[in-house]
Structures are given as C-alpha cells and as structure tokens.
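Structure first, then comments.
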Amino acid sequence: MNRTIQARLSAMMFLEFFVWGAWYTTVAVTMTAHGMEGLTHWPFTVNPIAALVAPFFVGLVADRYFATQRVLGVLHLLGAAFMFAAPSVIGYPTIFILLLLAYNLCYMPTMSLANTLAFHNMTDQESQFPVIRVFGTIGWIVAGLLVSFAGAYFVPEGVIPEETTFPLYLTAGVSAIYGLYSFTLPHTPPPAKGEEVSVRSIAGIDALKKLGSPSFYVFLASSFLISIPLAAYYNFTQTFLANSGFQDVAAVQTVGQASEVIFMLLMPIFFIRLGVKWMLGVGMLAWVVRYGLFALGAPDAVTWMIISGIALHGICYDFFFVTGQIYVDKKASDDIRGQAQGLIILLTYGAGMLIGAQLAGWLFNFIRTGEQLSPDQWLTFWWVPAIFAGIVFLLFMFFFDDEVEVSDQSVASVMGAESEEETEKEPAA
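For the sequence shown, this note's numbering assigns the number 37 to the initial residue and increments by one for each residue that follows.
See below:
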C-alpha cells in the first residue's frame, strides 16, 4: 500500500478514537461536578442505544447510497455541533443527555464506516490493518493524557480539567477537524450499492439460524451477560478514581489501553497455550479479579489494587471480545460472516451495555446515601459486578463445549477487524 495512503488512514483512525476517548472517560466526573451525580449512567445508556441503531443506518443507507468519506465527514461535523452545544445546557440534565444521544447517533456509525474506508484502500488487510488500527488506541491514549495534563492550561488554576466542560469542547473541536479532514480521504464508493440488504440480515437472524448449536448459544448468552457488568466499569471507574483521590482521572485510565496493546500482541502465543474455550474463560475470570481488586482497594484507596484492576483491561477485552470474534469468524461461512459479527456487536455493545448501564445506575443510586459513595459503599458496589461476572464465568465453563482450530492467520485477521467493537474500548476501549 502507498505510504501516503497508509499515513492518511492512520491519521483517520487516530482521530476516530481520539474524539471518543476525549469525553467518554470523563463525562461522569464532569456531570458529578455539575450536580448530576445520580444521572451519570445515562451517557452510557445513550451510547449503546446508538450502537443498536448504527448497523441499520450503515447497512440500509450509508453503504448503499453515499461515498463513505462523505458520510464520515458529514456525521462528524454534525456530531461536533451537538457536542459544542452540550456544555451550554449542562444545567439542564434532560437537554444535556439528549444532546449526548444526538452526538452518539452521529458517532457510532462512523466506527464501521472508518473500517470500511480503510479496508477498501488496502491491498493486504491482514498485514496492513493492524498497523493502521493501532493508531486508534494511540489516539484514545493521547486524548486521555491531553485532558488531564494539557487541560490544566485551559481551566482556572487549581481546577481539575475532568470536572469542567473542557473535555466536551475538546471533543467538539477535534470532531470538526476530523469531519473536514474526512472529505480529503481517498474516494470510497458505497460498498453495497445496488445490493439487496434487509433488516433481517443486518440483525444477524440468518446467521443465528445457520450457526445454531448448543455451545454457540452458550457463547452468545455469555457474551450478552458479560457485557452487563462491563457497563459498570465504563460508567463508574472514572467516578471511583475521583472519589479515591486520583487527580488525573483520564490519564490513569489510559493504563487500560496500554495493557490492551500489549496483550493484543501476545494473543497468538496464548492461543497456542490455551485454546478458544480457556481464552474466553480467562477473559471473563479477569473481570471477576478486576472488580474484586476495586472492591478490596476501595475502603483504603489502595493505589496498586485500583491500578492493577485497570491494567487488567487488556485481558478482559482482548481475551474475551477479540477471541469471541475469532471464534465466530471460524464458525461462520463466508456468506454469513459479516452478519454473525454484527450479531455479536448488537448483543454486547448494544443490548448488553444498554441493560448494564441502567442496572449500574440503579445500583449506584440505591447504595449511595450522599452525593457520592463512601469507601465502604464502593466496596459493596464493586462486589456486585464481580459476583455477576463470576456466575457467568462458571456457567460458560460448565456448558460450553466447543473447540476450533485457530491459525495465526485467523488471529491476525480478526485482531485487525476488532475495532468495530471497541471499543472499547475502549475505554477500551
């Protein structure tokens, strides 16, 4: 691939995840500082709502009628307008949350659109995409560092940037730049122009029928259920860090993304040692350990326990979600592979995260007696997702009985395509 094209696509991925990481890891702290401590789960509710809508918009509209780079540009410019307006209504919770919903409805489709654009302009997806995709994780890390450290120069002295609207304005500004930059990206015609696409195929119903087996159903159920406690991590880790005395909340959370990069590179080795079942199992078990460390470290704000819990993000995300994509990729035939991957996204970052965000918010408000949880209340809070994840882990290990042979080529292929789910990632993603 032409080096200039590679650099332009890498910059696209950097910006794609920069604008997500700039606000997603701090919005709960910002809302708490502005009197919305009981509503911090709502941004993490509107995000999965948008994740549920995004595949249908992309499949039925964007992929059939418009050049990809133009849709990408328009959506990010619209998103920038919504995010720029959000700080001005932060005193009006309902309007503020609706603007975040509007922003997410613009943003979430761009994740798959960015992948589509990148894949269309590659000559060797398996070797080239991971190199380009890693700039997305770098973008998320840089966003967190900028919010915590560079943000200090844009807010009054002594004020923590994460508690201000600076992350929102940063997101809006970079989104606008990214939107304009998108129009300069290589022309990418609509990939599904002239093809028949149905809601049924986008929802993965056809793939579910073809892949149906007891173990596959166990995997789907486990993927959905494990995404419920995941919402507690994305939503309340930032608030937990602020309550525990951490000053640079956004920067601290980038430890999770650094861990994700390391374990992504080590995944081929672990596949040889563990196989698919134990890779998935270790991923879920790491979630139990993560929440357990948060719970045990909460009463005395034990720094090493809390940081270790964040650092486990690499195992939590890579071992379960990326391995799950690889498992689906190996099980599915070419004609339903895309549908099967879309089904996983809908179940995890759509339905699972949606339910999880609401349950986590309810739990937080049920436990707290003041504006924030006390250290002992945080201990109780984190044990709930730990126990939940532990039950899912045991059920999965007992009922899942399916192994597939995974080649290094398959690992490399799906590791590249994992960006459609990150997410995660990414607070980690």
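We put the CB at the ideal spot given by N, CA and C, even for glycine.
Here the structure is a predicted model, which means the values were calculated and not measured.
On the three-state DSSP scale, how would you describe residue 76? Here residue 76 is taken as the residue at index 40 of the sequence shown, counted from 1. Note: residue 76 maps to coil in three-state DSSP.
Distance, Cα to Cα, residue 389 vs residue 50? Here residue 389 refers to the residue found at position 353 when the sequence shown is read from its first residue. Here residue 50 refers to the residue found at position 14 when the sequence shown is read from its first residue. The straight-line gap from Cα to Cα measures roughly 24 Å.
To the nearest angstrom, report how far apart residue 462 and residue 124 are at their CA atoms. Counting from 1 along the sequence shown, the entry for residue 462 is found at position 426. Counting from 1 along the sequence shown, the entry for residue 124 is found at position 88. Since pLDDT at residue 462 reaches only 43, below the 50 mark, its modelled position is unreliable, and the value read off the structure follows with that caveat. Rounded to the nearest angstrom, the two C-alpha atoms are 27 Å apart.
Leaving out five residues on either side along the sequence, give the residues of the same chain with a beta carbon under 8 Å from the beta carbon of residue 103. To locate residue 103, count along the sequence shown from 1; it is residue 67. Closer than 8 Å at the Cβ level, and outside the excluded window around residue 103, lie 223, 224, 225, 226.
Figure out for me which residue from 306, 316, 277 has the closest Cα to the Cα of residue 339. Locating residue 339 in the sequence shown gives position 303, where the first residue counts as 1. Looking at the Cα atoms, 277 is the closest of the given residues.
By Cβ distance below 6 Å, which residues in the same chain neighbour residue 109 in space, the five residues on each side in sequence not counted? Here residue 109 refers to the residue found at position 73 of the sequence shown. Excluding residues within five positions, the ones whose Cβ falls inside 6 Å are 215, 218, 219.
Report the rounded CA-to-CA distance for residue 151 versus residue 265, giving the unit in angstroms. Indexing the sequence shown from 1 puts residue 151 at position 115. Indexing the sequence shown from 1 puts residue 265 at position 229. Residue 151 and residue 265: Cα-Cα distance of roughly 27 Å.
So, using beta-carbon positions, are residue 504 and residue 303 closer together than 9 Å? Past the boundaries of the shown model lies residue 504; the chain is included only from 37 to 465, so the question cannot be answered.
Report the rounded CA-to-CA distance for residue 230 versus residue 116, giving the unit in angstroms. To locate residue 230, count along the sequence shown from 1; it is residue 194. To locate residue 116, count along the sequence shown from 1; it is residue 80. About 31 Å.
Can you tell me whether residue 38 is buried or exposed? The criterion is at least 16 other CB atoms within 10 Å of its CB, across all chains shown. Residue 38 sits at position 2 when you count from the first residue of the sequence shown. By the neighbour-count rule (16 or more Cβ atoms within 10 Å), residue 38 is not buried but exposed.
Shortest alpha-carbon distance to residue 80 belongs to which of 404, 395, 436, 409? Along the sequence shown, one-based indexing puts residue 80 at 44. For the residues 404, 395, 436, 409, the minimum Cα distance to residue 80 belongs to 395.
Within its chain, find whatever has a CB closer than 6 Å to the CB of residue 184; leave out the 5 residues flanking it on each side and keep chain order. Locating residue 184 in the sequence shown gives position 148, where the first residue counts as 1. Once the five neighbours on either side are set aside, the close Cβ partners of residue 184 are 284, 286, 287.
Beta-carbon proximity of residue 249 to residue 428, cut-off 9 Å: The residue given as residue 249 occupies position 213 in the sequence shown. The residue given as residue 428 occupies position 392 in the sequence shown. Result no, Cβ atoms of residue 249 and residue 428 do not sit closer than 9 Å.
For residue 195, does the three-state DSSP call read helix, strand or coil? If you number the sequence shown from 1, residue 195 lands on position 159. The answer is coil: DSSP assigns residue 195 none of H, G, I, E or B.
Beta carbon of residue 376 nearer than 9 Å to that of residue 364: Numbered from its first residue, the sequence shown carries residue 376 at position 340. Numbered from its first residue, the sequence shown carries residue 364 at position 328. A contact, by the Cβ cut-off of 9 Å.
If you draw a straight line from the alpha carbon of residue 292 to that of residue 350, how long is it in whole angstroms? In the sequence shown, residue 292 corresponds to position 256, counting from 1. In the sequence shown, residue 350 corresponds to position 314, counting from 1. Approximately 6 Å between the Cα atoms of the pair.
Contacting residues, own chain, Cβ-Cβ under 6 Å from residue 144 (five flanking each side not counted): As a position in the sequence shown, residue 144 is number 108, starting the count at 1. Only 86, 87, 90 meet the Cβ criterion.
Which residue's Cα is closest to the Cα of residue 435: 255, 132, 169, 398? Stepping through the sequence shown from its first residue, residue 435 is reached at position 399. The option with the nearest alpha carbon to residue 435 is 255.
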